[in-house]
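One structure below.
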Amino acid sequence: MAHLKLYYHPISPPSRAVLLTSRALGVDLDLRELNLMAGEQFSPDFLAINPQHCIPTLVEDDEFVLWESRAICSYLVGQYGEDDALYPKDPKTRAKVDHLLYFDLGTLALRFQQYEGPVFFQGEEPSEEKLGKVQEALEWLDGLLAGHDWAVGDAITIADHSLAAVLATMEAIGIDLTPHAKLTAYLDRCKSEMPGYMEINVPGAEIFAAMFLARGQNDPEEKEDESNE
Ligand SMILES: N[C@@H](CCC(=O)N[C@@H](CS)C(=O)NCC(=O)O)C(=O)O
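If you read the sequence shown in my numbering, its first letter stands for residue 7, the second for the next number, and so on.
Given below as C-alpha cells:
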C-alpha cells in the first residue's frame, strides 16, 4: 500500500469530503493538519508542494501530488476502491455524479464561500444578499435530490461526500435549511447512514461554526474600538 499524506484541516469542508471518501474506502491517510488561521499554508515547505496553498492536498509516496478535493476523491476511488460503487464507471451515472460535484464546486460551495469568507477572514457582517444566493442554490439542490435517496440514485457516491461536507457546515452556522424539505430529509439520511458523518463531519463543522460566529460578533466591536482610537 502506498503512503498517502493528506494536508488538511478539520474545519475545511473539502478536507472533510476527502476524509469521508477515505473512510468509505477504508484507506489510511497520514494526516498533516495545517493551521490556515496561522498562515501555515504559506510556509515555503508547503508552497513547494502546492503553490496554490490550499487544502486538502494529497501526496502519495512523496511523488504524486494532487489538490482539488473532488479530484482527490475520484482518484482514491479509482486507485484504491475495491469496486467503482463510489464513482461508477457507467457513463450516464458518472455524468450525474460529475454534475453534482461540479454543481457543488461551481455553485453551492462557491456561493457558501462567498458568504462565509468575508465574515470568517475579514470580520465583515454577514451579507443578506449573499445568503440569498446560498438559499437559491439550496433550492436548486433540493430539486436535484428529488426521487432518490442519495445525490445520484440509491447508493452513496463521492458527490454525497462533497455535498454532506458543505451542508453540515451550513447547518452548523445556522443557515435555515427547513425551506428545502427533500434536502433536510437527505441531510438526516447522511447523519444516520453515511459512514463517518457524525465522527468526521460534525466536529469539524462545529468548530467552523464557533469560529464563524465569534468573528461575526467580535470584529464589529474591534472596529468600533479602532475607530475610537
Ligand atoms: N476547490 C478547492 C477549494 C480548496 C480551498 O478553498 N481550501 C481552503 C480551505 S477550505 C484553503 O485551503 N484556503 C487557504 C488558502 O487558499 O490559502 C477544493 O475543493 O479542494
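Ideal placement from N, C-alpha and C gives every residue a C-beta, glycine not left out. Since this is a predicted model, take the numbers as computed values, not measurements.
- Cβ-Cβ distances below 6 Å link residue 213 to 17 in the same chain, with the five nearest sequence neighbours on each side left out; the list follows chain order.
- Between residue 62 and residue 12, the gap from beta carbon to beta carbon is short of 8 Å.
- One alpha carbon belongs to residue 81, the other to residue 92, and they sit about 11 Å apart.
- Annotation: the continuous alpha helix (DSSP H) that includes residue 148 extends over 134-150.
- Excluding sequence positions up to five before and after residue 145, its CB lies within less than 7 Å of the CB of 186, all in the same chain and listed in chain order.
- In its chain, beyond the 5 residues on either side, 79, 82, 164, 167 have a beta carbon closer than 6 Å to the beta carbon of residue 27.
- If you draw a straight line from the Cα of residue 203 to the Cα of residue 161, it comes to about 15 Å.
- Residue range 36-39 is occupied by the beta strand (DSSP E) that includes residue 36.
- Bounds of the beta strand (DSSP E) holding residue 11 are 10-14.
- Rounded to the nearest angstrom, the gap between the Cα atoms of residue 58 and residue 22 is 19 Å.
- If you draw a straight line from the Cα of residue 96 to the Cα of residue 74, it is about 23 Å long.
- Check the Cα spacing between residue 68 and each of 9, 147, 41, 47: the tightest is with 9.
- The C-beta distance from residue 109 to residue 218 rounds to 23 Å, too long to meet the 8 Å contact threshold.
- Annotation for residue 172: the continuous alpha helix (DSSP H) segment containing it runs 164-178.
- Relative to residue 142, the option among 116, 201, 107 whose CA is nearest is 116.
- Residue 181 is not a Cβ neighbour of residue 208, given a cutoff of 8 Å.
- Exclusion of the five residues before and after residue 136 leaves 120, 121 as the residues of its chain whose Cβ lies within less than 6 Å of its Cβ.
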